[in-house]
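Under full-length UniProt numbering, residue 224 is the last one in the sequence shown; the count climbs by one each step, no gaps.
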Amino acid sequence: MAISDWPVSERPREKLLQLGPKALSDAELLAIFLRTGVSGCDAVTLARQLLSHFGSLRRLMGASQHEFCLAKGLGEAKFVQLQAVLELSKRYMQQQLQRETVFTEPALVKKYLTHTIGHEQREVFLLLYLDNQHRLIASEPLFMGTIDASPVYPRIVVQRALAHNAAAVILAHNHPSGVAEPSRADRAITERLTQAMALVDIKILDHFVVGDAEVVSFAERGWL
Numbered sequence: 001m002a003i004s005d006w007p008v009s010e011r012p013r014e015k016l017l018q019l020g021p022k023a024l025s026d027a028e029l030l031a032i033f034l035r036t037g038v039s040g041c042d043a044v045t046l047a048r049q050l051l052s053h054f055g056s057l058r059r060l061m062g063a064s065q066h067e068f069c070l071a072k073g074l075g076e077a078k079f080v081q082l083q084a085v086l087e088l089s090k091r092y093m094q095q096q097l098q099r100e101t102v103f104t105e106p107a108l109v110k111k112y113l114t115h116t117i118g119h120e121q122r123e124v125f126l127l128l129y130l131d132n133q134h135r136l137i138a139s140e141p142l143f144m145g146t147i148d149a150s151p152v153y154p155r156i157v158v159q160r161a162l163a164h165n166a167a168a169v170i171l172a173h174n175h176p177s178g179v180a181e182p183s184r185a186d187r188a189i190t191e192r193l194t195q196a197m198a199l200v201d202i203k204i205l206d207h208f209v210v211g212d213a214e215v216v217s218f219a220e221r222g223w224l
């Protein structure tokens, strides 16, 4: 049965218009992006199959062009559209952060980080540079790692913070495993960076670890 034959309340586009995007499942949102299914398979069913194929929405969003285009119902045009959507989302969130006092809006920072590095298949260590009113100056990925590690060098972090004339910074990195719980290594490098930045009078306000379902804040846990 085609989606157009479904009850209006169950059609993804109509459901979004009536209830808002948060009311839709991952598959329903993906179906709207896909627009059409393939022979013998409607868009929602195709979306479910794709989520099962990739394992999660995060892995689908972070797939390489080769991986993406090999999947049933996808191709280069869809890959280009998805990259455009992701980049627009990142830019929108960054503009929102630049308008706000970042440290007083942890939920906004978490949302931005989820959009920025949450879908990455490699570990990315990112810095948010803040002015003396804790407004965003710039966001910069500094280190890229393997599937489970990213080398972090305090000297480079200090150099980049000084180059941006930052008064404070927020650290962030993702866990490609999808589990946001900070490791002992995460806590150790945070302590080293805190000590290094203190020497140049730059404060680390927080360290966020981004996973599939949550973003953990060191500050909220009392670790900073």
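The beta carbon of each residue, even a glycine, is placed where N, CA and C say it ideally should be. Since the model is a prediction, treat every value here as computed from it, not as a measurement.
Can at least three beta-carbon pairs, one atom from the segment 121-135 and one from the segment 154-169, be found at a separation below 8 Å? yes
In or out: residue 12 buried (at least 16 other Cβ within 10 Å) or exposed? buried
Alpha carbon to alpha carbon, what distance is there between residue 118 and residue 7? If you take the alpha carbons of residue 7 and residue 118, they lie about 35 Å apart.
Roughly how many angstroms separate the alpha carbons of residue 33 and residue 189, rounded to a whole number? 40 Å
Reducing DSSP to helix, strand and coil, say where residue 168 ends up. strand
By the three-class DSSP mapping on this structure, what secondary structure does residue 217 have? Residue state, collapsed to three classes: strand.
Endpoints, alpha helix (DSSP H) assigned at residue 28: 26-34
Residue range of the alpha helix (DSSP H) that residue 110 falls in? 106-117
Around the C-beta of residue 174, are 16 or more other C-beta atoms found within 10 angstroms, so that it is buried, or is it exposed? buried
Can residue 210 and residue 180 be called in contact, C-beta distance under 9 Å? yes
Minimum C-alpha distance to residue 213 - residue among 59, 50, 53 and 162: 59
Just how far apart, CA to CA, sit residue 14 and residue 30? 14 Å
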